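Okay, so here's the structure we're looking at.
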Amino acid sequence: RNNSSVIRFRRYTLLTAATTPLTEGVTPESTQLAITNVDATVAQYGAFVTLTDVLSFTTLDPVLTETAELLGIQAGDTLDQLTRNVLIGTTTIQYASTATANNEITSAMKMTKAEVQEAVRTLKVANAKKITSMVDSSTGFNTSPVDAAYVAIVHPNTTYDLKNIPGFIRVEEYGQKKAMDGEVGALDEVRFVESTNAYSLASAGSGSITVYYTLVLGADAYGISRISGEAMRNIVKPLGSAGSADPLDQRQTSGWKATFVAKILNDGFMVCIRHAVT
């Protein structure tokens, strides 16, 4: 705030292992830090609803309260989609089965355990850290422990296929209830969070099928930011507040305004699996 519309993230490169023995009494060479700056520019987003005086005195509903709830959902949905649109631009792409492009993905190339394991291998080779901690099993019936895991964002249509994969642990089978909002289960070393905002591209696959994008994320794969104090505001202008622009006090508005930016910080810490669904 009062500085710039640009946020600078700083990414530190991992230091290589020091495998050379020290020489007695001799100071070794200093190790130099390698830093990469990743800049992102914050933008404003917002929307509002106009309400009339007639509506306010003829309806039984608390219109402003109902409107505020709808605007809150719209605001959250907007920021979620903005983030998604940035993340699907990752250069770490994994096509299902033998496909090498979207138009080669057939209806049979669905999400499988092998696809999940391949994504996990990619993240491990890149030294991507896991996001979640261990979930222990309990003495409850048919509960299972869940290891520390990466997190994947999946569409409900993808969830349908995941639940039919042997070894998939549904969230209700976790030993201790530590599920994330929207989490549906775990497979291998990935926990899956469901969202209708998970990206899909209509008519992009073989035979014009829809191609689904499942993002598998490691820690520090991306960042989000805002201008301090301007993250999100609900702005209400009551009847008559517009002065001569509303001479008969007929209109009031309720809206939201936010500053926001999302940025990929390390492409190697995420994988976008492109696949078909049932």
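In terms of the working numbering, the sequence shown opens at residue 1051 and continues consecutively.
Every residue, glycine too, gets a C-beta built ideally from N, C-alpha and C.
These figures come from a predicted structure and were not determined experimentally.
Query                                                                                                                                                            : Result
I'd like to know if the segment 1156-1170 and the segment 1274-1281 are in contact, where contact means that at least 3 CB-CB pairs between them fall below 8 Å. : no
Let me know the secondary structure DSSP gives Q1300 once reduced to three states.                                                                               : coil
Terminal residues of the continuous alpha helix (DSSP H) containing T1163?                                                                                       : First, the amino acid is wrong: residue 1163 is Lys here, not Thr. Where K1163 is concerned, the enclosing alpha helix (DSSP H) stretches over K1163 to V1175.
Taking a contact to mean a Cβ-Cβ separation below 8 Å, would you say V1321 touches N1207 in this structure?                                                      : no
For the beta strand (DSSP E) holding S1275, just list the boundary residues, first then last.                                                                    : Y1272 to S1275
Have a look at A1151 and S1253 and give me their C-alpha separation to the nearest angstrom.                                                                     : 13 Å
Going by DSSP in three states, D1089 sits in which element: helix, strand or coil?                                                                               : strand
Going by the beta-carbon positions, is the gap between Q1131 and I1323 smaller than 8 Å?                                                                         : no
What are the boundary residues of the alpha helix (DSSP H) that I1137 is part of?                                                                                : First, the amino acid is wrong: residue 1137 is Leu here, not Ile. V1113 to L1137 is the span of the alpha helix (DSSP H), which, as asked, contains L1137.
Would you mind working out which of H1325, K1287 and A1271 sits nearest Y1263, comparing C-alpha positions?                                                      : H1325
Compare the C-alpha of A1271 against each of K1179, A1198 and A1248 and name the closest.                                                                        : K1179
What's the C-alpha gap between K1343 and A1090?                                                                                                                  : Past the edges of the chain, shown from 1051 to 1328, lies residue 1343, and the structure says nothing about it.
Taking the beta strand (DSSP E) that L1265 belongs to, which residues open and close that run?                                                                   : V1261 to L1267
From F1218 to R1241, what distance separates their C-alpha atoms?                                                                                                : 10 Å
Using the C-alpha atoms, what's the distance from R1171 back to A1158?                                                                                           : 23 Å
Looking at C-alpha atoms only, which residue of G1235, I1203 and V1204 is the closest neighbour of P1216?                                                        : G1235
Sort S1256, T1086 and N1284 by Cα distance to N1153 and report the nearest one.                                                                                  : S1256
Among all the DSSP beta bridges, which residues are the ones paired with S1245?                                                                                  : Note: S1245 sits in no beta bridge, so no partner.
Grouping DSSP H, G and I as helix and E and B as strand, with all else coil, what is N1214?                                                                      : coil
Where DSSP assigns a beta bridge to E1233, which residues make up the other side?                                                                                : V1243
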